[in-house]
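Engineer:
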Amino acid sequence: MAFNHLPAAMHDALGPLSRTPVTHSMPMARNHHPSGPARSGEDRPTPDAVLDRLAAAAGRAARITHTEHLPPRPGRHAVWPDRIRSEVVAAIQAAGIGHPWAHQAEAAEHALDGESVVIATGTASGKSLAYLAPVLTTLLDGSEAPNGRGATALYLAPTKALAADQRRAVRELAAPLGTAVRPAVYDGDTPVEEREWVRQYANYVLTNPDMLHRGILPSHPRWSSFLRALRYVVIDECHTYRGVFGSHVAQVLRRLRRVCARYGAHPVFLLASATAADPALAAGRLTGLTVREVADDASPRGEVVFALWEPPLTDLHGEKGAPVRRTATAETADLLTDLTVQGVRTVAFVRSRRGAELISVIAKERLAEVDRSLPGRVAAYRGGYLPEERRALEAALHSGELLGLAATTALELGIDVSGLDAVLITGYPGTRASLWQQAGRAGRSGQGALAVLVARDDPLDTFLVHHPEALFRQPVESTVLDPDNPYVLAPHLCAAAAELPLTEDDLPLFGPATAKLLPQLESAALLRRRSSGWYWTQRRRAADLADIRGGGGSPVQVVEAGTGRLLGTVDEAAAHTAVHDGAVHLHQGRTYLVKHLDLADSVALVEQADPPYSTTARDTTAISVLETETEVPWGGGRLCYGSVEVTNQVVSFLRRRLITGEVLGESKLDLPPRTLRTRAVWWTVTEDQLDAARVNPEQLGGALHAAEHASIGLLPLFATCDRWDIGGVSIPLHPDTLLPTVFVYDGHPGGAGFAERAFHTARAWLTATREVIASCECEAGCPSCIQSPKCGNGNDPLHKRAAVRLLTELLKHAPETPEVSAVPETPEDSAAVPTGPAGPGDPAQPVGAPASHEAPRVPAPSQEPPPSTPPVTAPQAPQAPRALRAPRTPAPQASAPPPPQAPDPQVPGPPA
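The numbers in the numbering used here rise by one with no breaks, and the one at position 817 of the sequence shown is 843.
(1) For ALA200, count the other beta carbons within 10 Å of its own beta carbon; 16 or more makes it buried, fewer makes it exposed. Which is it?
(2) Please work out which residues of its chain come closer than 7 Å, Cβ to Cβ, to ARG99, disregarding the five sequence neighbours upstream and downstream, and give them in chain order.
(3) I need the straight-line Cα distance from VAL259 to ALA177, nearest angstrom please.
(4) Tell me the DSSP bridge mates of THR710?
(5) Looking only at DSSP bridge pairs, what is VAL404 linked to?
(6) For the 8 Å Cβ check, are there 3 or more pairs between the region 478 to 491 and the region 388 to 403?
(7) Considering just the uninterrupted stretch of the alpha helix (DSSP H) at GLY269, what are its terminal residues?
(8) Would you report the Cα separation of ARG458 and GLU503, rounded to the nearest angstrom?
(9) Given a cut-off of 7 Å, decide if THR355 and GLY381 are closer than it, judged by their beta-carbon atoms.
(10) Considering only DSSP beta bridges, list what LYS694 is partnered with.
(11) Closest to SER460 by C-alpha separation, out of VAL278, PRO494, ALA599 and THR505, would be which residue?
(12) Opposite GLY124 in the DSSP bridges: which residues?
(13) From ASP236, LEU429, ALA516 and GLN226, pick the residue whose C-alpha is nearest to that of PRO184; which is it?
(14) Determine the DSSP secondary structure at ARG555, reduced to helix, strand or coil.
(15) Taking 8 Å as the limit between beta carbons, can you name the residues of its chain near ALA189, skipping five residues before and five after?
(16) Once DSSP output is grouped into helix, strand and coil, what is the label at ALA110?
(17) Does ASP607 come out as helix, strand or coil in the three-state DSSP assignment?
(18) From what residue to what residue does the beta strand (DSSP E) around SER299 run?
(19) Restricting to Cα atoms, I'd like to know which of LEU497, ALA81 and ARG311 is closest to CYS264.
(20) Unbroken alpha helix (DSSP H) runs of length 4 or more, entirely within the region 499 to 549: which are they?
(21) Buried or exposed: where does THR646 fall if 16 or more other Cβ atoms within 10 Å of its Cβ makes it buried?
(22) Can you give me the Cβ contacts of CYS520 inside the same chain, cut-off strictly under 7 Å, excluding the 5 residues immediately before and after it?
(23) Start and end of the beta strand (DSSP E) containing ALA226?
(24) Ends of the beta strand (DSSP E) at GLY779?
(25) Run the CB neighbour count on PRO885, radius 10 Å, all protein chains shown included, and call it buried at 16 or more, exposed below.
(26) Consult DSSP for GLN368 and reduce its assignment to one of helix, strand or coil.
(27) From what residue to what residue does the beta strand (DSSP E) around PHE332 run?
(28) How many angstroms separate the CA atom of THR795 from the CA atom of ALA195?
(29) Would you list, in sequence order, the uninterrupted beta strand (DSSP E) runs of no fewer than 3 residues that lie entirely inside the region 606 to 650?
(30) Quick one: what's got a C-beta closer than 7 Å to ARG79's C-beta in the same chain, skipping five residues either side?
(31) When DSSP builds the beta bridges, which residues end up paired with GLN583?
(32) Would you mind giving the Cβ-Cβ distance between GLY314 and ARG280, rounded to the nearest angstrom? I have them listed as a contact below 8 Å.
(33) Just reading off the beta strand (DSSP E) that VAL798 is part of, what are its end residues?
(34) I think HIS103 touches HIS125, with their Cβ atoms under 8 Å apart; what is that distance to the nearest whole Å?
(35) Would you kindly work out how many angstroms separate the C-alpha atoms of VAL161 and THR205, rounded to a whole number?
(36) So for VAL672, helix, strand or coil by DSSP?
Right, dumping it as structure tokens:
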């Protein structure tokens with residue numbers, strides 16, 4: 027289909043496609059029962075009709091830059107393999123599912139053959155049933171053993187809500203099988219008195235990687251009977267395990283395989299993924315096994331209408347007089363309000379917790395003006411709620427009591443929210459895989475669905491709504507993870523040694539970097555080498571060394587100052603930007619002001635208030651080069667990749683008027699700096715290139731600054747990351763390169779693979795960056811092209827035209843397929859690389875202040891203060907992260923992992 031950028035008052039020229047009802051599209055993934063106000067298929071409006079109503083208001087049609095129609099698709103049935111037990115087939119049929127789709131039968135066949143398999147098909151394609159059929163068959167076989175538990179299965183979910191949803195689905199499906207299948211959730215919310223029953227009697231345990239890492243593996247002797255019988259490990263939504271988190275989970279799974287082997291078990295891994303590039307390769311890197319791939323989606327799909335929506339420019343002006351677009355948050359709240367009034371069941375996805383709360387608040391206020399009964403039909407759903415709050419929201423969503431929900435990605439992952447008509451996506455979620463995952467939440471029963479991407483005022487979103495081919499004609503991204511990252515691997519080697527002494531036979535399991543790290547851990551007095559292997563030597567729990575979510579320490583508790591009531595928690599790494607003194611904090615539709623952030627006690631004291639503004643933190647960053655690993659000549663300049671040290675400090679916050687985003691003022695903050703050793707890509711330009719680009723010294727700082735901002739905004743299109751996962755610095759004369767330099771770095775200790783991806787796609791990445799700046803309609807720069815919402819320099823200086831000329835000149839010399847050359851390692855080079863953290867008298871940042879910076883969301887490594895994390899230097903073996911070195915006094919244990927979903931009261935309790 028040709029793409030169209032629609033003029034005002036026009037929609038897709040092709041008109042509606044076929045709307046023949048798909049009568050055989052039963053929900054394969056989970057069994058649900060429509061309830062509440064969900065319409066029948068005959069009464070449900072078509073996606074085009076819903077979109078027409080949204081666009082009918084004055085000026086709205088012009089905001090739709092493109093509509094994409096995905097036509098309905100029929101399903102292809104198959105038959106279950108003969109080895110699926112007849113009782114299981116009967117239970118599936120009792121749930122209303124007559125025959126499996128072809129991909130379900132294929133995946134079940136691989137599982138029964140003992141082959142690990144990844145099912146990478148679309149949303150609502152029945153991935154759950156594909157792995158449940160062989161799992162239930164095996165559990166039914168095991169129930170006939172003398173002890174009643176001859177076979178067990180372990181289910182891993184990335185979120186609490188998904189584990190609870192799966193437990194409910196398994197119970198309903200397996201009800202005809204009686205007590206042969208005993209599912210139970212084991213997580214941070216499981217009562218202590220129930221945990222022993224789960225260990226001894228449950229044969230299908232649903233948990234998460236955090237609990238596996240901190241609870242099950244360190245206590246494996248207590249789980250010996252369960253692990254000895256383990257036949258299957260199910261990893262749901264495995265595409266979410268990417269970057270540093272995915273690398274940690276990969277090592278947790280290797281530890282699981284090792285402990286299972288100790289008990290004589292070699293489980294088969296069954297993975298479910300959204301559509302992804304090369305899912306078998308990604309699943310293999312995650313598990314360390316050879317994995318078969320099932321990616322031919324045979325399930326039916328209703329019609330999907332996907333609209334790209336750009337909010338209009340306002341009469342307001344931002345920094346430096348730049349034009350300001352209406353915020354995506356306000357626009358989404360308006361759309362959610364309209365859809366709720368129409369009775370259209372909708373989920374609005376937003377990336378931040380604060381955004382979810384704000385959309386809910388605005389929608390409720392506007393609904394109250396229409397009908398006083400409607401505000402109660404809209405709510406927010408995000409992480410950080412207390413368990414009882416989460417359970418109440420999930421129950422209201424399933425019952426149909428809620429018509430509209432503003433949610434973070436906690437609701438993106440597989441939860442069965444059947445009956446939805448529309449999905450609103452507030453800003454590009456960072457990857458095409460997440461975009462389609464969120465869009466797939468609607469239409470899960472095979473009916474038509476509407477999805478709307480509401481663009482934020484930033485370079486990437488602006489580029490995408492005007493270049494729809496980048497969304498609809500490109501494959502989804504590859505999953506990026508690096509289990510060999512020494513900052514990830516080292517703590518897991520310690521945890522593995524604490525579980526069972528490490529031996530030479532274990533080294534291949536944990537990867538090639540293991541042999542180089544073990545001597546480092548010995549030197550740090552964390553492991554001790556004996557004739558039989560390596561042993562953990564510390565009193566503290568080894569599992570506490572690795573914070574697999576990257577939170578960077580104990581969560582900060584948000585407490586109401588007047589009452590002492592705990593409202594929720596914030597990750598430690600986000601506390602400097604989210605709950606600093608004076609920050610606006612939203613919780614359950616109520617607004618609070620942070621009175622004081624106590625970093626020592628990990629507490630933020632808040633008071634309820636009603637300020638007419640939101641707050642946005644700003645920070646400053648300095649960067650130094652530790653090692654240049656590879657470089658490519660781009661004319662006289664060079665494109666480089668290597669290790670860097672970044673020093674970051676939150677220095678102030680902006681107050682922005684609600685709805686409009688107008689800047690009301692800036693307040694200074696006094697927070698401690700943080701230091702990060704990570705990976706970066708950087709490029710330099712020479713004086714000759716500056717002359718050819720007609721960039722004079724007065725324009726240079728603004729040109730580099732503008733190019734840095736725009737390139738950071740566009741990188742998520744080329745790497746599986748979010749803008750807040752990366753940071754950047756630009757400086758007219760960097761002391762390490764002695765040239766004008768722009769850096770873009772990973773916001774995780776040791777790197778996350780994003781900068782490396784940027785290095786290998788630099789030509790396409792910087793070409794798109796140049797195009798988005800040049801094509802923007804503004805005069806001197808705006809948030810849609812070169813201004814950044816998190817710039818610590820106040821978006822000053824910026825020079826839009828000079829940035830375009832500079833990038834044009836740089837790209838003239840960019841090779842089509844660069845030959846990457848490693849930088850020679852000489853004694854002089856090695857001597858120049860620091861081997862430890864800066865001492866009290868060492869400079870904390872390069873000479874000269876950078877012209878600009880943009881810092882990521884999570885700048886700090888975990889466990890101990892950031893300055894104590896050493897670099898990974900060459901040519902020596904990677905050093906063990908300082909957080910793993912033996913302390914003079916025992917270190918406090920990290921807090922419990924983020925608890926998954928609280929158990930339902932109906933989970934079987936201990937036998938009387």
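Note that beta-carbon positions come from the ideal geometry of N, C-alpha and C, so glycine has one too.
None of these values were measured; they are calculated from a predicted model.
Structural biologist: In this structure, then:
(1) Position 174 of the sequence shown holds residue 200. So ALA200 counts as buried.
(2) Locating residue 99 in the sequence shown gives position 73, counting from the first residue. These residues qualify, in order along the chain: PRO326 and ARG327.
(3) Here residue 259 is taken as the residue at index 233 of the sequence shown, counted from 1. Here residue 177 is taken as the residue at index 151 of the sequence shown, counted from 1. Cα to Cα, VAL259 sits roughly 12 Å from ALA177.
(4) In the sequence shown, the residue the question calls residue 710 occupies position 684. For THR710, which the question treats as bridged, DSSP gives the partners THR767.
(5) The sequence position of residue 404 within the sequence shown is 378, counting from 1. Per DSSP, GLY430.
(6) no
(7) Against the sequence shown, residue 269 aligns to sequence position 243. Its alpha helix (DSSP H) spans residues 269 to 288.
(8) Sequence index remark: in the sequence shown, residue 458 carries index 432 (1-based). Sequence index remark: in the sequence shown, residue 503 carries index 477 (1-based). Cα to Cα, the separation comes out at about 7 Å.
(9) If you number the sequence shown from 1, residue 381 lands on position 355. If you number the sequence shown from 1, residue 355 lands on position 329. In contact: GLY381 and THR355 (Cβ atoms closer than 7 Å).
(10) As a working mapping, residue 694 is identified with position 668 in the sequence shown. Bridge partners of LYS694: SER678.
(11) Walking along the sequence shown from the start, residue 460 turns up at place 434. Considering only alpha carbons, the answer is THR505.
(12) Taking the first residue of the sequence shown as 1, we reach residue 124 at position 98. DSSP lists no partner for GLY124.
(13) If you number the sequence shown from 1, residue 184 lands on position 158. Taking only the C-alpha atoms, the option nearest PRO184 is ASP236.
(14) Numbered from its first residue, the sequence shown carries residue 555 at position 529. Three-state DSSP puts ARG555 in a strand.
(15) The count along the sequence shown starts at 1 and reaches residue 189 at position 163. If we look at ALA189 and ignore the five residues flanking it on each side, its Cβ neighbours are TYR181, ALA183, VAL211, ASP213, LEU232, THR233, ASN234, PRO926 and GLN927.
(16) One-based indexing of the sequence shown puts residue 110 at position 84. Looking at the sequence itself, residue 110 is Ile, so the reference to Ala does not match. In the structure shown, ILE110 sits in coil (DSSP, three-state: anything other than H, G, I, E or B).
(17) Counting from one through the sequence shown, the residue named residue 607 turns up at place 581. If DSSP states are grouped into helix, strand and coil, ASP607 belongs with coil.
(18) Here residue 299 refers to the residue found at position 273 of the sequence shown. Its beta strand (DSSP E) spans residues 294 to 299.
(19) Walking along the sequence shown from the start, residue 264 turns up at place 238. Checking every option, the nearest Cα to that of CYS264 belongs to ARG311.
(20) 512 to 525, 533 to 536 and 540 to 549
(21) As a working note, residue 646 is residue 620 in the sequence shown. Label assigned to THR646: buried.
(22) Translated into positions along the sequence shown, residue 520 becomes position 494. Excluding sequence neighbours, CYS520 sits near LEU547, LEU552, LEU553, TRP562, ALA568, LEU571 and LEU910.
(23) Stepping through the sequence shown from its first residue, residue 226 is reached at position 200. A small correction: the amino acid at residue 226 is Gln; Ala does not occupy that position in the sequence shown. Looking at the DSSP string, GLN226 is not in any beta strand (DSSP E); the run it does join, the alpha helix (DSSP H), is 218 to 227.
(24) Stepping through the sequence shown from its first residue, residue 779 is reached at position 753. GLY779 -> no beta strand (DSSP E), and no H or E assigned at all.
(25) Reading the sequence shown from its first residue, position 859 is the one you call residue 885. Confidence at PRO885 is low in this model, with a pLDDT of 35, below 50, so the placement of that residue is unreliable and no value is reported for it.
(26) Indexing the sequence shown from 1 puts residue 368 at position 342. In this structure, GLN368 counts as coil in the three-state DSSP scheme.
(27) The count along the sequence shown starts at 1 and reaches residue 332 at position 306. Note, PHE332: beta strand (DSSP E), 330 to 335.
(28) To locate residue 795, count along the sequence shown from 1; it is residue 769. To locate residue 195, count along the sequence shown from 1; it is residue 169. One C-alpha to the other measures close to 45 Å.
(29) 610 to 613, 616 to 624 and 629 to 634
(30) Locating residue 79 in the sequence shown gives position 53, where the first residue counts as 1. Correct list, in chain order: GLN368.
(31) Numbered from its first residue, the sequence shown carries residue 583 at position 557. GLN583 is bridged to THR595 and VAL629.
(32) Numbered from 1 along the sequence shown, position 288 holds the residue referred to as residue 314. Numbered from 1 along the sequence shown, position 254 holds the residue referred to as residue 280. So it is a contact: roughly 5 Å between Cβ atoms.
(33) Here residue 798 corresponds to residue number 772 of the sequence shown, with the count starting at 1. Where VAL798 is concerned, there is no enclosing beta strand (DSSP E), although the alpha helix (DSSP H) it sits in stretches over 788 to 801.
(34) If you number the sequence shown from 1, residue 103 lands on position 77. If you number the sequence shown from 1, residue 125 lands on position 99. Yes, they are in contact, since the Cβ atoms of HIS103 and HIS125 sit about 4 Å apart, within 8 Å.
(35) Taking the first residue of the sequence shown as 1, we reach residue 161 at position 135. Taking the first residue of the sequence shown as 1, we reach residue 205 at position 179. Their backbone Cα atoms lie some 15 Å apart in a straight line.
(36) Walking along the sequence shown from the start, residue 672 turns up at place 646. In the structure shown, VAL672 sits in a strand (DSSP, three-state: E or B).
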